[in-house]
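*Asks:* One structure, pasted below without further comment.
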Amino acid sequence: MNSDPDGPTFADLGLRPELLQALTTLGYEEPTPIQLEAIPLVAEGRDVLGQAATGTGKTAAFSLPVLQRLEAHRSDRAPVALVLVPTRELAVQVSEAFHRYGKDLGARVLPVYGGAPIVRQLRSLDAGVDVVVATPGRALDLLNRGSLRLDEVATVILDEADEMLDMGFAEDLEAILDATPEQRQTVLFSATMPRRLDALARRHLRDPARITIAREQAAAGSSPRVRQTAYVVPRAAKPAALGRILDIEAPTAAIVFCRTREEVDTLTETLNGRGYRAEPLHGGMSQEQRDKVMGRLRAGTADLLVATDVAARGLDIEQLTHVVNYDVPSAPESYVHRIGRVGRAGREGVAITLAEPREHRQLKTIEKVAGATIAVQTVPTVADLRARRLDLTRAALRESLLGDELDRFRVVVETLADEFDLMEVALAAVKLAHEAAGGVDDDEEIPQVRFRTDRDAGRGPAGARGERPARRTPGGPTARVFVGLGREAGIRPGDLVGAITGETGLTGRDIGAIEIHQRFALVEVPEPAANEVISSLRATMIKGRKATVRRDNQRTP
Ligand code: AMP
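Heads up: the sequence shown runs through residues 136 to 692, numbered per the working numbering.
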């Protein structure tokens with residue numbers, strides 16, 4: 136790995152060559168703070184209690200050391216590692232990560248969750264797997280059927296443990312842990328550490344090493360003149376959103392930070408396609424190549440630098456007006472470092488962060504650590520962009536009017552004025568100037584989404600509210616939501632529809648079947664909006680009462 140000689144590398148963590156190769160291919164240049172701390176401990180077999188949110192790189196922090204020890208533990212058919220996660224989405228995501236990192240080790244990984252055909256999962260389990268990534272409900276179901284063998288499990292990972300407790304999985308977790316060997320290793324990751332979680336950890340973890348990503352306050356006033364904004368953008372819309380934001384912000388010079396070399400390369404290409412002069416900068420380039428790129432930025436022949444943290448370390452670029460985080464940085468400290476590159480010497484700087492809807496907590500942590508206020512905004516619309524481009528044209532014309540080299544064009548206007556109204560002549564001239572100024576005609580509407588706020592519902596940053604959540608595509612997938620209030624509490628379908636439409640962007644038509652039972656109710660909602668519905672209902676009162684709300688599909692085979 137060609138990384139900064141000062142910082143520790145993945146190789147320094149003692150990872151096997153197959154894993155190092157996979158990480159190089161993925162373009163990871165250096166471990167994130169949680170990876171630096173957790174990988175050696177987990178690889179050594181220690182129990183670990185880690186506090187880390189999504190976006191910190193926690194998945195690699197536990198999956199790499201599990202893969203590192205796979206060969207030593209591997210049994211014929213029964214899994215040697217069990218990862219428990221709260222949702223189906225996370226089960227898929229985590230098992231994909233295991234696949235990506237463990238390809239060269241031939242790791243057999245199976246995601247297991249409710250709502251998917253159980254037959255296929257049974258068949259795969261029967262054929263033999265190394266790692267099972269499961270939601271607790273389905274894991275317990277398979278365990279009770281005798282299809283999931285846990286007697287060979289060497290490591291259990293509880294990922295997003297606070298979420299699992301919130302979703303009512305406490306008993307399931309206990310039952311599953313009790314079915315694993317006593318001498319197993321247990322690793323627990325959670326964004327928050329509520330007391331209930333501590334109790335669970337005390338019962339099931341042995342002398343755990345504790346890891347918390349440092350939260351020291353950055354020196355007060357360290358970045359006073361930086362305007363900080365975050366835009367909530369679905370992953371797929373990020374390239375378009377970035378282009379749009381840059382068009383509006385019109386930076387003199389900007390650095391766009393990415394997580395990996397691959398991201399640097401593809402984003403550079405996209406931005407160049409949009410008419411920017413973007414240059415890549417990453418650890419895979421020679422010093423000479425890097426110097427050239429820096430030279431072009433300083434000389435003003437390039438206006439955007441797309442870089443990884445490693446490559447941009449120590450750079451000091453005077454002209455820099457904007458720092459863009461293409462992803463929420465994996466550690467608050469790196470956010471602080473990145474934005475420290477603008478707003479120097481009393482000049483104003485701008486820091487922009489693109490955040491995915493699930494990255495709300497990570498951003499909150501950054502705000503706390505950096506002692507900053509990050510305003511959350513929606514991505515500019517096509518109309519905003521057009522208005523902004525007209526503004527720029529108007530400003531350019533104004534400048535030209537104030538200058539004094541217009542006389543030689545007088546003859547053009549005068550001859551045209553014989554034939555046309557002066558206003559029309561002006562309009563045509565503005566049109567030509569506007570078109571000549573360039574800019575991509577961009578008609579793509581970018582979906583307006585908001586943070587998934589779970590427990591923070593209703594306390595989101597300014598601007599996060601009032602935007603619309605992802606909508607159901609007609610006939611799209613649905614999820615069933617369990618609400619712990621029923622006929623006994625006087626609940627009628629209208630109450631649930633009212634609560635959901637009042638708290639989310641869904642309309643009555645988006646809501647499917649509603650079943651009211653004696654003590655609970657089940658509501659069908661579009662899958663893309665399910666998390667939003669759950670967090671909103673948890674935060675609100677229904678008929679004057681708080682209800683337990685969770686997904687109901689974990690147990691449906
Ligand atoms: P997680 O916090 O596990 O959800 O990871 C967040 C994202 O960061 C995922 O897209 C990972 O692929 C990526 N990632 C994790 N570790 C690294 C690293 N060391 N360098 C670059 N990207 C990483």
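Glycine included, each C-beta is placed from N, C-alpha and C at the ideal position.
Can you check which of these residues, 435, 221 and 236, is closest to residue 201 by C-alpha distance?
*Replies:* What you label residue 201 is simply residue 66 of the sequence shown in a count that begins at 1. Here the closest residue by C-alpha is 236.
*Asks:* What residue does the beta strand (DSSP E) around residue 325 start on, and which one ends it?
*Replies:* As a position in the sequence shown, residue 325 is number 190, starting the count at 1. That run of the beta strand (DSSP E) goes 320-325.
*Asks:* Here's the rule I'm using: 16 or more other beta-carbon atoms within 10 Å means buried, otherwise exposed. How should residue 197 be labelled?
*Replies:* Here residue 197 refers to the residue found at position 62 of the sequence shown. The residue in question, residue 197, is buried, as its Cβ has 16 or more Cβ neighbours within 10 Å.
*Asks:* Let's test the definition: count the other Cβ atoms within 10 Å of the Cβ of residue 279 and tell me whether it reaches 16, buried, or not, exposed.
*Replies:* Counted from its first residue, the sequence shown places residue 279 at position 144. Burial call: exposed.
*Asks:* Find out if the Cβ-Cβ distance for the pair residue 219, residue 147 is shorter than 8 Å.
*Replies:* Numbered from 1 along the sequence shown, position 84 holds the residue referred to as residue 219. Numbered from 1 along the sequence shown, position 12 holds the residue referred to as residue 147. Result no, Cβ atoms of residue 219 and residue 147 do not sit closer than 8 Å.
*Asks:* Can you give, in chain order, each stretch of the alpha helix (DSSP H) that sits fully within the stretch 616-675 and has at least 4 residues?
*Replies:* Complete alpha helix (DSSP H) runs here, min 4: 628-638 and 665-674.
*Asks:* Decide if residue 652 is buried, meaning its Cβ has at least 16 other Cβ atoms within 10 Å, or exposed.
*Replies:* Taking the sequence shown and counting its residues from 1, the one referred to as residue 652 is at position 517. That one is exposed.
*Asks:* Under three-state DSSP, which class holds residue 384?
*Replies:* Taking the first residue of the sequence shown as position 1, residue 384 is located at position 249. Correct three-state label for residue 384: helix.
*Asks:* Just the Cα atoms here: how many angstroms apart are residue 149 and residue 179?
*Replies:* Locating residue 149 in the sequence shown gives position 14, where the first residue counts as 1. Locating residue 179 in the sequence shown gives position 44, where the first residue counts as 1. Approximately 11 Å between the Cα atoms of the pair.
*Asks:* Do the stretch 403-414 and the stretch 452-469 touch if we need at least three Cβ pairs shorter than 8 Å?
*Replies:* No, because fewer than three Cβ pairs between the stretch 403-414 and the stretch 452-469 fall closer than 8 Å, the two stretches do not touch.
*Asks:* Using a Cβ-Cβ cut-off of 8 Å (strictly less than) and excluding sequence neighbours within five positions of residue 366, which residues of its own chain qualify?
*Replies:* By one-based count along the sequence shown, residue 366 stands at place 231. Excluding sequence neighbours, residue 366 sits near 376, 380, 487, 488, 489, 490, 511, 512, 513 and 514.
*Asks:* How many Å lie between residue 561 and residue 383 at the Cα?
*Replies:* As a working mapping, residue 561 is identified with position 426 in the sequence shown. As a working mapping, residue 383 is identified with position 248 in the sequence shown. The straight-line gap from Cα to Cα measures roughly 25 Å.
*Asks:* Go through the stretch 138-168 residue by residue and report every complete run of the alpha helix (DSSP H) that reaches 4 residues or more, in order.
*Replies:* Qualifying alpha helix (DSSP H) stretches, in chain order: 152-161.
*Asks:* Counting C-beta neighbours from all protein chains within 10 Å, is the total for residue 193 16 or more, i.e. buried, or is it exposed?
*Replies:* Translated into positions along the sequence shown, residue 193 becomes position 58. Counting Cβ neighbours within 10 Å, residue 193 comes out buried, since at least 16 surround it.
*Asks:* Might you give, ordered along the chain, the residues of its own chain that have their beta carbon closer than 6 Å to the beta carbon of residue 357, omitting 5 neighbours on each side?
*Replies:* Translated into the one-based positions of the sequence shown, residue 357 becomes position 222. With a pLDDT of 41 at residue 357, under the threshold of 50, the modelled position of that residue is not reliable, and no figure is offered here.
*Asks:* At a cut-off of 7 Å, would you count residue 172 as near the ligand AMP, judging by its Cβ distance to the nearest heavy atom?
*Replies:* Along the sequence shown, read from residue 1 onward, the residue named residue 172 stands at position 37. Incorrect: residue 172 has no Cβ contact closer than 7 Å to the ligand AMP.
*Asks:* Let's see if you can read the secondary structure: which residues bound the alpha helix (DSSP H) around residue 232?
*Replies:* To locate residue 232, count along the sequence shown from 1; it is residue 97. Segment 223-237, the alpha helix (DSSP H) holding residue 232.
*Asks:* For residue 431, collect the residues of the same chain with a Cβ closer than 7 Å to its Cβ; drop the 5 residues on either side in sequence, then sort them by chain order.
*Replies:* Here residue 431 refers to the residue found at position 296 when the sequence shown is read from its first residue. 414 and 437.
*Asks:* With 16 other CB atoms within 10 Å as the buried threshold, where does residue 186 fall?
*Replies:* Along the sequence shown, read from residue 1 onward, the residue named residue 186 stands at position 51. The residue in question, residue 186, is buried, as its Cβ has 16 or more Cβ neighbours within 10 Å.
*Asks:* Any heavy atom of the ligand AMP within a distance shorter than 7 Å of the CB on residue 238?
*Replies:* Counting from one through the sequence shown, the residue named residue 238 turns up at place 103. Because no heavy atom of the ligand AMP lies under 7 Å away, the Cβ of residue 238 does not count as near it: no.
*Asks:* Can you tell me whether residue 195 sits near the ligand AMP, meaning its C-beta is under 7 Å from at least one heavy atom of the ligand?
*Replies:* Counting from 1 along the sequence shown, the entry for residue 195 is found at position 60. Residue 195: yes, Cβ under 7 Å from the ligand AMP.
*Asks:* Relative to the ligand AMP, is the shortest distance from any of its heavy atoms to the C-beta of residue 190 smaller than 7 Å?
*Replies:* Counting from 1 along the sequence shown, the entry for residue 190 is found at position 55. Yes; taking the cut-off as 7 Å, the Cβ of residue 190 has a heavy atom of the ligand AMP nearer than that.
*Asks:* Just to confirm, is the Cβ distance from residue 360 to residue 478 under 8 Å?
*Replies:* Indexing the sequence shown from 1 puts residue 360 at position 225. Indexing the sequence shown from 1 puts residue 478 at position 343. In this structure, residue 478 lies closer than 8 Å to residue 360 by Cβ.
*Asks:* So is the beta-carbon of residue 212 under 7 Å away from any non-hydrogen atom of the ligand AMP?
*Replies:* For this step, residue 212 is matched to residue 77 along the sequence shown. No - the ligand AMP has no heavy atom lying nearer than 7 Å to the Cβ of residue 212.
*Asks:* Can you find a heavy atom of the ligand AMP that lies under 7 Å from the Cβ of residue 473?
*Replies:* Here residue 473 refers to the residue found at position 338 of the sequence shown. No.
*Asks:* The ligand AMP and residue 163: does any heavy atom of the ligand fall closer than 7 Å to the residue's C-beta?
*Replies:* Translated into the one-based positions of the sequence shown, residue 163 becomes position 28. Yes, the Cβ of residue 163 comes within 7 Å of a heavy atom of the ligand AMP.
*Asks:* Helix or strand or just coil, what does DSSP make of residue 256?
*Replies:* Position 121 of the sequence shown, counted from the first residue, corresponds to residue 256. Of the three classes helix, strand and coil, the one that applies to residue 256 here is helix, per DSSP.
*Asks:* If we count the other Cβ atoms within 10 Å of its Cβ and call it buried at 16 or more, is residue 494 buried or exposed?
*Replies:* Stepping through the sequence shown from its first residue, residue 494 is reached at position 359. Result: buried.
*Asks:* Quick check: is any heavy atom of the ligand AMP less than 7 Å from the C-beta of residue 167?
*Replies:* The sequence position of residue 167 within the sequence shown is 32, counting from 1. Because some heavy atom of the ligand AMP lies under 7 Å away, the Cβ of residue 167 counts as near it: yes.
*Asks:* Look at the alpha carbon of residue 299 and the alpha carbon of residue 319, and state the distance between them as a whole number of angstroms.
*Replies:* As a working note, residue 299 is residue 164 in the sequence shown. As a working note, residue 319 is residue 184 in the sequence shown. If I take the Cα positions, the gap works out to 21 Å.
*Asks:* Going by CA-CA distance only, name the one from 256, 247 and 213 that's closest to residue 134.
*Replies:* This structure does not reach residue 134, given that the chain is present from 136 up to 692, and the question cannot be answered.
*Asks:* Just the Cα atoms here: how many angstroms apart are residue 669 and residue 296?
*Replies:* On the sequence shown, position 534 is the one that residue 669 refers to. On the sequence shown, position 161 is the one that residue 296 refers to. Going by the C-alpha atoms only, they are around 17 Å apart.
*Asks:* Which residues does DSSP list as the beta-bridge partners of residue 457?
*Replies:* Here residue 457 refers to the residue found at position 322 of the sequence shown. 389 and 485.
*Asks:* If you draw a straight line from the C-alpha of residue 371 to the C-alpha of residue 556, how long is it?
*Replies:* By 1-based counting over the sequence shown, the position of residue 371 is 236. By 1-based counting over the sequence shown, the position of residue 556 is 421. Approximately 48 Å, taken between the alpha carbons.
*Asks:* State the beta-bridge partners of residue 415 as determined by DSSP.
*Replies:* As a working note, residue 415 is residue 280 in the sequence shown. 441.
*Asks:* Using only alpha-carbon positions, find the residue among 205, 188, 222 and 363 that is nearest to residue 238.
*Replies:* For the purposes of this step, residue 238 is taken as the residue at position 103 of the sequence shown. Checked all of 205, 188, 222 and 363; the closest Cα to residue 238 is 205.
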